Amino acid sequence: MSEENNLGQKFFIDAELYADLHPAGESDDVEQAVNYAEVYEVIKEICENKEFDLIEALAENIAQTILEQFALVEEVTIKVKKPEAPVAGVFDYVGVEIKRTRGN
1 MSEENNLGQK
11 FFIDAELYAD
21 LHPAGESDDV
31 EQAVNYAEVY
41 EVIKEICENK
51 EFDLIEALAE
61 NIAQTILEQF
71 ALVEEVTIKV
81 KKPEAPVAGV
91 FDYVGVEIKR
101 TRGN
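Start counting the sequence shown at 1; every next residue gets the next number (the UniProt record's numbering).
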């Protein structure tokens, strides 16, 4: 684990956001939609500036931050995949998937 901390790690992160986008779809108004560029920046900031021992903790932090910062998002699913995990064996990646809902 200390080698991972010193060298850094590679992750693949998928974020699925659930929101009522009906108003944005009808109005074609970007202000009524989720700004995906801002979501990306939030995820990037967490990955680059916080340290976690577990990919579960990384996923949880991303999910909670998105729910806190984006009022339109009612539910979020975060998948974190780690292709270079220190696990003996042949695999594409190890990973976790969590789903969080506003208010839970």
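Virtual Cβ for every residue (Gly too), placed ideally from N, Cα, C.
No experiment lies behind these values; they were computed from the predicted model shown.
**Message:** Can you tell me which residues form a DSSP beta bridge with residue 115?
**Reply:** Given that the chain is displayed from residue 1 to residue 104, the structure contains no residue 115 and the question cannot be resolved.
**Asked** For Ala19, which of Gly95, Ala85, Ile66 and Phe91 has the nearest alpha-carbon?
**Response** Ile66
**Message:** Can you check which of these residues, Glu38, Ile55 and Glu45, is closest to Val96 by C-alpha distance?
**Reply:** Ile55
**Request:** Determine which residues share a DSSP beta bridge with residue 107 and list them.
**Result:** Residue 107 falls outside the range modelled here, since the chain spans only 1 to 104, and no answer is possible.
**Request:** Along the alpha helix (DSSP H) that carries Glu48, what are the first and last residues, could you check?
**Result:** Tyr36 to Asn49
**Asked** Residues in its own chain within less than 8 Å of Phe52 by CB, not counting five upstream and five downstream?
**Response** Taken in chain order, the residues that qualify are Leu58 and Asn61.
**Message:** Closer than 8 Å is the cut-off here; do at least three beta carbon pairs connect the region 64 to 81 with the region 11 to 30?
**Reply:** Contact between the region 64 to 81 and the region 11 to 30 is present, because at least three Cβ pairs lie under 8 Å.
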